[in-house]
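In this text, residue positions in the sequence shown follow this note's numbering: the first is 696, and each later residue adds one.
Cβ coordinates follow ideal geometry from the N, Cα and C atoms, glycine included.
Note that the coordinates shown come from a computational prediction; the quantities given were computed from them, not determined experimentally.
Below is one structure; the comments refer to it alone.
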Amino acid sequence: MKNENHIAKIIPVMLVFFTMGFVDLVGIATNYVKNDFNLTDTAANSFSVMLFLWFLIFSVPTGILMNKIGRKKTVLISLVVTFSGLCIPAVLYTNYSMVLCFCLLGMGNTFMQVSLNPLVTNIVSHQKLPGYLTLGQFVKAIASFMAPVIAGRALLVYGDWKLLFPVFAAITLLAMLGLFFTPIQEKPVEGTPSTFTECFGLLGDKMILLLFLGILVHVGIDVGINITAPKLLMERSGMVLGEAGYATSLYFLFRTFGCLAGTFILSKYPPRNFFMISTGIILAGVAGLYFSYTSWSLYVCVALIGVGNSNVFPVIFSRALSYMPSRNNEVSGLMIMGISGGAVFPVLMGFASDALGGQTGAVIVLTFCAAYLAFLIRIFKR
């Protein structure tokens, strides 16, 4: 009976992890919005700012809120905000309404990222926690993989890619109701909430600063390739957007594969070796983008970047926690803020692409991101 009760609680939580992956629709949605409103690369890529900026602003306040009202209530708030954002395109579709949509999705995902993992600790034992968190990331990746597929299929069959939003809104509503009616006994939160001063003060430590920047560029690669890959296929192989959008799904498919493989590899080999190999794979994929002018070669490069970038976040995150274990609350909040890299680098890619008149500009920015990860390898050798 205890095991059945445990499963009954974890299922709705895993459904919430699925909704966490909806944030990654920004990659394919940006391309459709750019096409629909005839935007420049700079203007289109700025939509990612509207989504990922909130990780910088709300990560620490969400932790403070969570300690006051509880983890489950905070997750429920995140689902309400996410649901609201997903409903907007069905009611009003303009470039301004999409700004509001992405803002709400970013806010909701920030609340969710900060509160959902701690909520799992109230359901499973400490020994089983890593396995279930990995499962949650796997479920999240499935949603990321499905977004371009649903959008492309909706455009092909119904002539409207925006049907993606009501589909995801319905799933979010289901997750919200499932979690609301699931009783979860929360354990008292230990320690004191992190403050802005405590979090940002850690950036004075060189190691923490370097690792924080590592998270920034990792997310920059993640979001940047999602936005850039379809554009590269359209620019170099003449694909239409409905077909080119599947490059984003390919990226997440190989990213999902990388997550599963990394779970087993990291249990047997040192993180520094794994990080070195992962970075090498990313560099190979990015380098290949300069010379790839056929669809199959571009797909290979996207797949390589997906595999290589799949485990960069957990390796950097765990290195930061082990470096300063007595300040885990502050370090965790700061690393989550690093997800705001998704707001910075896609805009730089847009500027570079507009300046050079092609997506090679975006690839140059991706190269700098990958080069920084290579620079970080020396930290893991210490």
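Beta-carbon contacts of residue i that lie in its chain and below 8 Å, excluding the five residues immediately before and after
i: residue 697; result: In this prediction, residue 697 has a pLDDT of 45, which is less than 50 and means its spatial position is unreliable; what the coordinates show is noted afterwards. Taken in chain order, the list of residues that qualify is empty.
i: residue 865; result: none
i: residue 733; result: none
Whole-Å CB distance - residue i paired with residue j, under 8 Å assumed
i: residue 951; j: residue 921; result: Incorrect: roughly 14 Å between the Cβ atoms, too far for contact.
i: residue 1000; j: residue 972; result: Wrong, their Cβ atoms sit about 14 Å apart, outside the cutoff.
i: residue 949; j: residue 1002; result: 5 Å
i: residue 740; j: residue 1045; result: 3 Å
i: residue 859; j: residue 842; result: 6 Å
i: residue 1065; j: residue 981; result: 5 Å
i: residue 747; j: residue 1034; result: 6 Å
i: residue 1029; j: residue 897; result: 6 Å
Pairwise C-alpha distance: residue j and residue i
i: residue 799; j: residue 744; result: 12 Å
i: residue 939; j: residue 892; result: 44 Å
i: residue 796; j: residue 989; result: 34 Å
i: residue 963; j: residue 975; result: 19 Å
i: residue 908; j: residue 817; result: 31 Å
i: residue 758; j: residue 720; result: 25 Å
i: residue 1058; j: residue 984; result: 7 Å
i: residue 1012; j: residue 813; result: 16 Å
i: residue 930; j: residue 802; result: 33 Å
i: residue 992; j: residue 1004; result: 18 Å
i: residue 1071; j: residue 1036; result: 17 Å
i: residue 755; j: residue 941; result: 35 Å
i: residue 919; j: residue 850; result: 23 Å
i: residue 775; j: residue 808; result: 14 Å
i: residue 1043; j: residue 1067; result: 16 Å
i: residue 928; j: residue 967; result: 34 Å
i: residue 872; j: residue 704; result: 13 Å
i: residue 1025; j: residue 1032; result: 11 Å
i: residue 935; j: residue 970; result: 36 Å
i: residue 905; j: residue 923; result: 26 Å
i: residue 1017; j: residue 894; result: 16 Å
i: residue 781; j: residue 857; result: 10 Å
i: residue 1061; j: residue 1039; result: 12 Å
i: residue 880; j: residue 870; result: 18 Å
i: residue 910; j: residue 917; result: 10 Å
The ligand HEM heavy atom lying under 7 Å from the CB of residue i
i: residue 831; result: With respect to the ligand HEM, the structure offers nothing, as it holds no ligand at all.
Environment of residue i [buried if 16+ CB atoms lie within 10 Å]
i: residue 1014; result: buried
i: residue 1073; result: exposed
i: residue 735; result: exposed
i: residue 1006; result: buried
i: residue 901; result: exposed
i: residue 784; result: buried
i: residue 863; result: buried
i: residue 710; result: buried
i: residue 925; result: buried
i: residue 855; result: exposed
i: residue 876; result: exposed
i: residue 827; result: buried
i: residue 714; result: buried
i: residue 1054; result: buried
i: residue 791; result: exposed
i: residue 789; result: exposed
i: residue 847; result: buried
i: residue 878; result: exposed
i: residue 994; result: buried
Proximal residues to residue i (C-beta, below 6 Å), its chain only, five neighbours per side dropped
i: residue 716; result: 835, 838 and 839
i: residue 804; result: 718
i: residue 1019; result: 1026
i: residue 728; result: 793
Same chain only: Cβ atoms within 7 Å of residue i, ignoring 5 sequence neighbours per side
i: residue 832; result: 954
i: residue 1049; result: 735, 736 and 737
i: residue 677; result: Only positions 696 to 1077 of the chain appear in this structure, which leaves residue 677 out of reach.
i: residue 998; result: 945 and 949
i: residue 730; result: 936
CB contact below 8 Å: residue i versus chain B
i: residue 1064; result: Structure shown: chain B not included; a single protein chain is present.
With a floor of 4 residues, list each alpha helix (DSSP H) that falls wholly inside the segment 1007-1035, ordered by position along the chain. Correct list: 1007-1018 and 1023-1032.
Which full runs of the alpha helix (DSSP H) of 4+ residues lie inside the segment 729-816, going along the chain? You should have 736-740, 742-764, 766-786 and 790-815.
Please give the ranges of any alpha helix (DSSP H) in the segment 938-1008, keeping only runs that are unbroken, at least 4 residues long and fully inside the region. Within the segment 938-1008, the runs of alpha helix (DSSP H) that reach at least 4 residues and sit entirely inside it are, in chain order, 941-960, 966-984 and 990-1004.
So within the segment 875-927, which uninterrupted alpha helix (DSSP H) runs reach at least 4 residues, ignoring any that extend past its ends? Whole alpha helix (DSSP H) segments, 4+ residues: 891-896.
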